[in-house]
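What follows is a set of notes on a single structure, which appears directly below.
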Amino acid sequence: MNIFKLLLILSVFFVNSLYAQKPYVEKELLNKITKKYKIFAKKRFAYLQKTLDKAEGGDDLQKLEAVNRFYNGVRYMSDKKVYGKSDYWATPWQFLGKDRGDCEDYVISKYFALIYLGVESKKLFFTYVRSSKFKAAHMVLTYFKTPRSEPLILDNNNRKIFPASKRKDLTPIYNFNGESLYRASKSGTGKKVKNKKAHKKWDELKLNMKRKII
Amino acid sequence: MTLFKQIALILSILLITILTTVLNLNFQSANESVQDRLYEDAKNTASSLSLSLGSANGDLSMMSTMINANFDSGNYHYISLVDVDDELLYERKSESEQLDVPKWFSSFVNIEAPVASANVSAGWSQVGILNVQSDVTYAYRQLYTILKDLLVSFSIIAVVGLIILNVLLVAILKPLKEVQRQAEAVIRNEFIIQESIPYTKEFRDVVLGMNNMVSKVKAMFDKGNKELQRQKELEYIDKTTKLRNRKYLIDKLPEYLKVDATSKGGTNMMIALSGVIEANEALGHRKVDELFNDIAEIFREQTEDFENVIIARMNGTEFSILIPDCQSMHGLMIAETILTSSQFVIKKYGLESSETFISIGLYEYNYTESIGVLLSHSDNALAQAKFKDWNIHLAKADEMVEVMGKDAWRTILLDVIKRNNFTFVSWSVVNAQTKKVIHNVLSLNLKIDEDTTYYFGQFMAPANQVGLSDDIYNNVLDMMFKTPDDSLENGTYSLRLPYEYLIKGETYDRMKALFSVYALTLPFRLIVEIPDKLASQNSELVQDYKRLFERYQIDMGIFEFIGESKDYQYLQDLRPVYIKGEPSYFISQNEQSLSALRLITDSLGISLIATGVMTMETLEQLEEKDIHIVQGRVTEMIEIEV
Numbered sequence: 001m002n003i004f005k006l007l008l009i010l011s012v013f014f015v016n017s018l019y020a021q022k023p024y025v026e027k028e029l030l031n032k033i034t035k036k037y038k039i040f041a042k043k044r045f046a047y048l049q050k051t052l053d054k055a056e057g058g059d060d061l062q063k064l065e066a067v068n069r070f071y072n073g074v075r076y077m078s079d080k081k082v083y084g085k086s087d088y089w090a091t092p093w094q095f096l097g098k099d100r101g102d103c104e105d106y107v108i109s110k111y112f113a114l115i116y117l118g119v120e121s122k123k124l125f126f127t128y129v130r131s132s133k134f135k136a137a138h139m140v141l142t143y144f145k146t147p148r149s150e151p152l153i154l155d156n157n158n159r160k161i162f163p164a165s166k167r168k169d170l171t172p173i174y175n176f177n178g179e180s181l182y183r184a185s186k187s188g189t190g191k192k193v194k195n196k197k198a199h200k201k202w203d204e205l206k207l208n209m210k211r212k213i214i
Numbered sequence: 215m216t217l218f219k220q221i222a223l224i225l226s227i228l229l230i231t232i233l234t235t236v237l238n239l240n241f242q243s244a245n246e247s248v249q250d251r252l253y254e255d256a257k258n259t260a261s262s263l264s265l266s267l268g269s270a271n272g273d274l275s276m277m278s279t280m281i282n283a284n285f286d287s288g289n290y291h292y293i294s295l296v297d298v299d300d301e302l303l304y305e306r307k308s309e310s311e312q313l314d315v316p317k318w319f320s321s322f323v324n325i326e327a328p329v330a331s332a333n334v335s336a337g338w339s340q341v342g343i344l345n346v347q348s349d350v351t352y353a354y355r356q357l358y359t360i361l362k363d364l365l366v367s368f369s370i371i372a373v374v375g376l377i378i379l380n381v382l383l384v385a386i387l388k389p390l391k392e393v394q395r396q397a398e399a400v401i402r403n404e405f406i407i408q409e410s411i412p413y414t415k416e417f418r419d420v421v422l423g424m425n426n427m428v429s430k431v432k433a434m435f436d437k438g439n440k441e442l443q444r445q446k447e448l449e450y451i452d453k454t455t456k457l458r459n460r461k462y463l464i465d466k467l468p469e470y471l472k473v474d475a476t477s478k479g480g481t482n483m484m485i486a487l488s489g490v491i492e493a494n495e496a497l498g499h500r501k502v503d504e505l506f507n508d509i510a511e512i513f514r515e516q517t518e519d520f521e522n523v524i525i526a527r528m529n530g531t532e533f534s535i536l537i538p539d540c541q542s543m544h545g546l547m548i549a550e551t552i553l554t555s556s557q558f559v560i561k562k563y564g565l566e567s568s569e570t571f572i573s574i575g576l577y578e579y580n581y582t583e584s585i586g587v588l589l590s591h592s593d594n595a596l597a598q599a600k601f602k603d604w605n606i607h608l609a610k611a612d613e614m615v616e617v618m619g620k621d622a623w624r625t626i627l628l629d630v631i632k633r634n635n636f637t638f639v640s641w642s643v644v645n646a647q648t649k650k651v652i653h654n655v656l657s658l659n660l661k662i663d664e665d666t667t668y669y670f671g672q673f674m675a676p677a678n679q680v681g682l683s684d685d686i687y688n689n690v691l692d693m694m695f696k697t698p699d700d701s702l703e704n705g706t707y708s709l710r711l712p713y714e715y716l717i718k719g720e721t722y723d724r725m726k727a728l729f730s731v732y733a734l735t736l737p738f739r740l741i742v743e744i745p746d747k748l749a750s751q752n753s754e755l756v757q758d759y760k761r762l763f764e765r766y767q768i769d770m771g772i773f774e775f776i777g778e779s780k781d782y783q784y785l786q787d788l789r790p791v792y793i794k795g796e797p798s799y800f801i802s803q804n805e806q807s808l809s810a811l812r813l814i815t816d817s818l819g820i821s822l823i824a825t826g827v828m829t830m831e832t833l834e835q836l837e838e839k840d841i842h843i844v845q846g847r848v849t850e851m852i853e854i855e856v
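Residue numbers (the numbering used here), protein chains in the order written: chain A, 1 to 214; chain B, 215 to 856.
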């Protein structure tokens, strides 16, 4: 192998490493999660990373499938039991670290995993629904391919992804997308206004994520 | 600027800065709080309205109506609905921008109402995004009210704070005021001991230190005072008879023999007791001393009706009785009584009047004579008396050859007083050691015309005789204060005023009125010299003069000092800048006496000045006694360093 070939290989390796996707959970944070939730948590996060890595090259639908499948494997448990609070929006690290959570926690984790995979945030909505099956308030993640298209429903109760029209058991109440609200409030009047708020729970969650609450 | 003012200023600035900062922070916080409130209100509206809009199933007319209903019923600046493609579907905007606050406030305070947004959906479909912005008018009004309340509260706090600060500072710095008062007293050579010792350590140390220092200086003064009193007794008093001695007479005579003397003349008696040796042999020393005492008592009794009499024992057997304002005939009567009474006493002691007797020589002097002339004429009269059967002889001074009669002088003086024809002349008082002029002594010349000028010594005696001396001094003071001589500017000048002038109440009132108008604009530093005879009385009038002079920054000097006082406390009370005495007084002082005087004057910061020093020889004698400041003709012989 001459020097030219060697340099070529090294430069390709260098460029690849530059453009390689960062891990979903950074090493430092993963160490902390491992320290707190022990080795099985680390394995769960490793499996998540493997799932995400595998889905990375696919289209949105494949990404949705992979993420939905992975997170629907987590056990459902109410916030009261997990966090001692009636309603708490857990960070994806808390959700997978504890390996349990309620409907909002599934939605949140799925949302951020899809954002990691490159799905546009404007296509993803947190949707408050009423479940006629459980006769209870529920939340699902909805995917709009276009703003006017029928959304796909990512639900933790029904493991499969269906178009909204197929989910007769769910009655939509309210859609929201935190990122779009940020953008809207900034451009609502055409003036620049000081605002970093969109939705109370969403804002709290963003803060917790910034603080790397695990 | 005083320490009090500096601390008060710094603390006031600090207090106001803190209050202003707190006020600003409070206002900022209120501003943020109001803006937060605006957002919360907008957010609540956005959330609830977006849910309501969801029920319209995308019907724009229905949604517009809902938006209108909300907009009209609340305080909103703006509500808009945009679709999923960011296209505006509907909006309402407040048309009135009028704020219910002053313009300066709205330009000073910038309130930005945040925009709250909420997604609007119809079923599973997205409709768009609802934006809500509250109206800031109410917020401005609320903030303006908050600012007014804050300003009022902080103004009250600032005023109360400054008052408390002032009270505290006064309380804390009160000892400092006392320290300052004591320090100023030290500068004025006053001895103030501060009784209340401050609590603050630094002040306490200063006060204790100053008390200690003042106590030491006071002790020094007291020691000097006592020592000088003791020395005076030894120096001026005859131990046996307790009469004055020759030295006292010599030191005191200049006061009687001067152009502006109180008395224009009188009688001086020289009395000699003959046969003392025989009396001693017959009676013994002790008995003879008793005899002397009895005779001295006769002298006192016979002259008690006269003022300013000096009865002095000149030596073992001779006495002198100086009686001012005593005519020769009256003197003869006194002498005869003394002679008769003395003979009676001598007989009482069982002595032979042919062996032991007294002789009295009377000399009618006038104030223009010198001490030497007076004493030699008195001695001559005594010598004559000894040869007379009756042992009394009267001699009179030669009749003065007057240049002008009294009436002529009166006319001239009245005219001069009327026309203000006096001119000031001055001569220097010089420190022979440093060769520097200490101050200048003012005197007067009387200018009749271009060719005729009379000096103070020439016209003051006739002025005294015709009773115009007070008018002259009044005229001099008027001249000095009302039309000050420009050539005197920035110098230090002394003006000597006689006892008879100062002792009058009218003089004080006149000076007070004059000083109150003109003293502060006097272009030179003035020292008023008062005679020791007046100063040593330390009377209420003297104290009044002292206070008057102090009030107008006029210094006080003392002249004709011979240290005859029984107590020198008056020097401490009056604190003159200097004491002037005859060279003979200083030269004749023994070492103890002079050092006692020095102890007093040094503790009070008083200079000693010898007046009428004529020769370098006298100056040398004075310098040996550590007297370096002199006045008189000798100053012309000293080369002054400029």
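Just so you know, even glycine gets a beta-carbon here, dropped at the ideal spot from N, CA and C. Fair warning: this is a prediction, and the values are worked out from it, not measured in the lab.
Proximal residues to residue i (C-beta, below 7 Å), its chain only, five neighbours per side dropped
| i | result |
| --- | --- |
| Leu553(B) | Ile572, Ile574, Asn605, Ile606 |
| Lys63(A) | Ala55, Leu114, Leu117, Val119 |
| Met187(B) | For residue 187(B) there is no data in the structure shown, the boundaries of chain B being 215 and 856. |
| Leu141(A) | Val107, Lys110, Tyr111, Leu124, Phe126, Leu154 |
| Thr666(B) | none |
Residue i, buried or exposed, once every other Cβ within 10 Å from all chains shown has been counted against 16
| i | result |
| --- | --- |
| Lys219(B) | exposed |
| Phe558(B) | exposed |
| Gly384(B) | For the sequence presented, residue 384(B) should be read as Val rather than Gly. Exposed. |
| Lys760(B) | buried |
| Lys123(A) | buried |
| Arg217(A) | In the structure as shown, chain A starts at 1 and stops at 214, and residue 217(A) therefore has no counterpart that could be examined. |
| Pro151(A) | buried |
| Ser247(B) | exposed |
| Lys257(B) | buried |
CB of residue i within 8 Å of CB of residue j, strictly
| i | j | result |
| --- | --- | --- |
| Ser555(B) | Leu471(B) | no |
| Phe636(B) | Val630(B) | yes |
| Pro745(B) | Tyr792(B) | no |
| Trp93(A) | Ile33(A) | yes |
| Lys839(B) | Ile801(B) | yes |
| Val690(B) | Leu658(B) | yes |
| Leu181(A) | Ser331(B) | yes |
| Gln516(B) | Ile548(B) | yes |
| Leu252(B) | Ala327(B) | yes |
| Leu267(B) | Val334(B) | yes |
| Leu788(B) | Ala733(B) | no |
According to DSSP, residues forming a beta bridge with residue i
| i | result |
| --- | --- |
| Glu532(B) | Ala486(B) |
| Ser348(B) | Tyr290(B) |
| Ile343(B) | Val296(B), Asn333(B) |
| Lys661(B) | Thr667(B) |
| Tyr577(B) | Asn482(B), Ala609(B) |
| Trp202(A) | Note: Trp202(A) sits in no beta bridge, so no partner. |
Proximal residues of chain A, C-beta to C-beta of residue i below 9 Å
| i | result |
| --- | --- |
| Gly337(B) | Ala164, Thr171, Pro172 |
| Gly375(B) | Going along chain A, no residue has its Cβ under 9 Å from Gly375(B), so there is no contact; the nearest lies around 35 Å. |
| Leu265(B) | Ile173, Tyr174 |
Close-in-space but distant-in-sequence residues of the same chain around residue i (CB under 6 Å, 5 per side omitted)
| i | result |
| --- | --- |
| Phe673(B) | Leu660 |
| Tyr577(B) | Asn482, His591, Ser592, Ala595, Ala609 |
| Thr189(A) | Caution applies to Thr189(A), whose pLDDT of 47 falls short of 50 and renders its modelled position unreliable; the model cannot decide the point. |
Chain B contact residues for residue i, given Cβ-Cβ distances below 9 Å
| i | result |
| --- | --- |
| Asn68(A) | Those do not exist, as Asn68(A) stays about 17 Å from chain B at its closest Cβ, beyond 9 Å. |
Chain A residues whose Cβ lies nearer than 8 Å to that of residue i
| i | result |
| --- | --- |
| Gln340(B) | Phe125, Phe144, Pro147, Arg148, Asn175 |
| Asp299(B) | Pro147 |
| Asn289(B) | Per Cβ cutoff of 8 Å: no residues; Asn289(B) is ~16 Å from chain A at best. |
Proximal chain B residues relative to residue i, where beta-carbon distance stays under 8 Å
| i | result |
| --- | --- |
| Ala198(A) | Ser331 |
| Ser86(A) | None at all; the shortest Cβ gap to chain B is about 19 Å. |
Same chain, Cβ closer than 8 Å to residue i, neighbours up to 5 away in sequence not counted
| i | result |
| --- | --- |
| Thr531(B) | Ala486, Leu487, Ser488, Val490 |
Cross-chain neighbours of residue i in chain A, by beta carbon under 7 Å
| i | result |
| --- | --- |
| Gly268(B) | Tyr174 |
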